[in-house]
Amino acid sequence: MEEKGSIFQTTMDSEVIAHLLARSPKKDAKEAMVWALSQLEGAYSLVLMVNHMLVGARDTFGWRPLCLGRFDGAYILASETCALDLIGAEYVRDIEPGEVVFIHKDKIESIKPFNKTPCAFCIFEFIYFARPDSNIFGFNVYTARKTLGEQLGREFPIPADIVMPIPDSGTSAALGFSKATGIPYETGLIRNHYIGRTFIQPSQLVRDFRVKIKLNPVKEVLKDKRVIVIEDSIVRGTTSRARVKAIREVGAKEIHMRVSCPPLRFPCFYGIDFPTKKELIAFKHSVEWVRDFIGVDSLEYLSLEGMLKSMPCAKENFCTACFTGKYPIKPSTRLSKEILEE
Ligand code: SF4
Numbered sequence: 323m324e325e326k327g328s329i330f331q332t333t334m335d336s337e338v339i340a341h342l343l344a345r346s347p348k349k350d351a352k353e354a355m356v357w358a359l360s361q362l363e364g365a366y367s368l369v370l371m372v373n374h375m376l377v378g379a380r381d382t383f384g385w386r387p388l389c390l391g392r393f394d395g396a397y398i399l400a401s402e403t404c405a406l407d408l409i410g411a412e413y414v415r416d417i418e419p420g421e422v423v424f425i426h427k428d429k430i431e432s433i434k435p436f437n438k439t440p441c442a443f444c445i446f447e448f449i450y451f452a453r454p455d456s457n458i459f460g461f462n463v464y465t466a467r468k469t470l471g472e473q474l475g476r477e478f479p480i481p482a483d484i485v486m487p488i489p490d491s492g493t494s495a496a497l498g499f500s501k502a503t504g505i506p507y508e509t510g511l512i513r514n515h516y517i518g519r520t521f522i523q524p525s526q527l528v529r530d531f532r533v534k535i536k537l538n539p540v541k542e543v544l545k546d547k548r549v550i551v552i553e554d555s556i557v558r559g560t561t562s563r564a565r566v567k568a569i570r571e572v573g574a575k576e577i578h579m580r581v582s583c584p585p586l587r588f589p590c591f592y593g594i595d596f597p598t599k600k601e602l603i604a605f606k607h608s609v610e611w612v613r614d615f616i617g618v619d620s621l622e623y624l625s626l627e628g629m630l631k632s633m634p635c636a637k638e639n640f641c642t643a644c645f646t647g648k649y650p651i652k653p654s655t656r657l658s659k660e661i662l663e664e
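Quick note on numbering: this note's numbering labels position 192 of the sequence shown as 514, and the sequence is numbered without any gaps.
Encoded structure:
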């Protein structure tokens with residue numbers, strides 16, 4: 323597109339769509355939208371305003387959620403249903419994979435202009451990204467996470483005094499683990515709610531500092547205890563390591579980490595600002611190495627089969643590329659090839 327004259331102001335992929343819309347040969351706004359989307363390959367769940375028209379579109383694989391709600395006679399589009407709950411709106415339905423909706427005042431027009439493909443719902447939405455009070459792909463996130471924890475408890479039980487989550491995303495899985503093993507659930511770390519996630523912070527220095535101020539251990543809960551810590555996932559390993567250190571410092575006797583997904587080994591090319599392969603600790607290192615780096619007495623990850631079995635719909639519907647390297651659409655751009663070869 324740059325060779326044809328496009329000048330990009332950002333690195334956001336949605337800017338590519340704006341450029342495509344601007345250079346569409348179609349004059350009609352709806353036709354231009356369909357033309358622009360037909361040029362794309364990969365993941366998108368979009369909400370756009372074109373003059374007085376609201377447009378919602380989801381790629382044919384359905385990687386990311388997108389739902390339709392209604393409030394006071396008006397239609398609403400949102401990624402997650404929790405957004406509807408906040409304003410008291412009613413959930414109507416999901417925008418389907420490959421569907422484009424045009425909303426004008428109280429009228430909605432739905433089309434499916436693209437060839438059907440298999441579904442590739444992002445399984446990591448259920449593990450980490452989405453809020454537990456949301457329903458995505460037709461199912462509740464909290465329930466799915468709790469089921470992942472139950473499966474983890476069945477796969478890797480170990481004698482211990484308490485089960486605790488790394489808050490907040492490990493909470494539902496820790497409840498499931500506790501239910502499956504009968505080991506009492508406790509809150510061993512208290513989260514500071516005034517700062518955001520550390521996963522996508524740009525530099526290691528900023529990440530390390532934020533880890534320190536983010537979670538505070540409860541000494542009275544942890545001292546002299548054999549503790550099972552539930553993580554939703556391990557990306558670089560540095561945040562888990564800092565949390566384990568904090569738990570040890572207040573006197574935990576044993577720390578066993580259980581992770582409610584398999585090792586993350588491959589980058590994501592479907593709309594997530596994921597670390598490169600080199601930065602993913604499980605890409606380069608064995609489970610034993612990661613265990614020593616994090617500083618726990620034992621470390622186990624949920625199996626791929628266990629993760630898929632815990633999902634509320636058929637395993638064929640999911641993208642698992644960051645765990646398996648099996649990409650539903652082969653990364654084909656120069657940049658993605660470089661990232662994969664690094
Ligand atoms: S690669 Fe992983 S994070 Fe990306 S869409 Fe697939 S499952 Fe989700």
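Glycine is no exception: its CB is placed at the ideal position from the N, C-alpha and C atoms.
At a cut-off of 8 Å, the beta-carbon of Phe596 counts as near the ligand SF4: some heavy atom of the ligand is closer than that.
Just so you know, the alpha carbons of Ser401 and Lys352 end up roughly 22 Å apart. In this structure, Glu337 lies near Gln331, with their beta-carbon atoms less than 9 Å apart.
Counting along the chain, no beta strand (DSSP E) covers Lys599, and no H or E run does either.
Of the residues assessed, Met371 falls on the exposed side of the cut-off, its CB having fewer than 16 other CB atoms within 10 angstroms.
DSSP, read as helix, strand or coil, puts Leu586 in coil. Taking C-alpha positions only, Ser346 is separated from Gly475 by approximately 53 Å.
In this structure His578 is in contact with Val618, their Cβ atoms being roughly 6 Å apart against a cut-off of 8 Å. Within the region 417-452, complete beta strand (DSSP E) segments of at least 3 residues are found at 422-426, 429-433, given in chain order. Non-local C-beta neighbours of Glu431 in its own chain, meaning closer than 6 Å and more than five positions away in sequence, comprise Phe424, ordered along the chain. Tyr366 is not bridged by DSSP to any residue. At a Cβ-Cβ threshold of 9 Å, Asp554 and Gly628 do not count as neighbours. Secondary structure note for Leu470: its alpha helix (DSSP H) is the uninterrupted segment 463-477.
When the Cα atoms are used, Arg613 and Val572 turn out to be separated by approximately 20 Å. Approximately 12 Å separates the beta-carbon atoms of Arg380 and Ile433; this is outside 8 Å, ruling out the contact. For His341, there is no enclosing beta strand (DSSP E); the enclosing alpha helix (DSSP H) covers residues 335-344. Cα atoms of Ser582 and Arg656: separation of roughly 33 Å, rounded to the nearest angstrom.
DSSP places Arg656 inside the alpha helix (DSSP H), whose first and last residues are 656-663. The residue among Tyr450, Met486, Gly384 with its C-alpha nearest the C-alpha of Leu586 is Tyr450. Of the heavy atoms belonging to the ligand SF4, at least one sits nearer than 8 Å to the Cβ of Ala442. CA-CA distance, Ser625 to Phe640, rounds to 15 Å.
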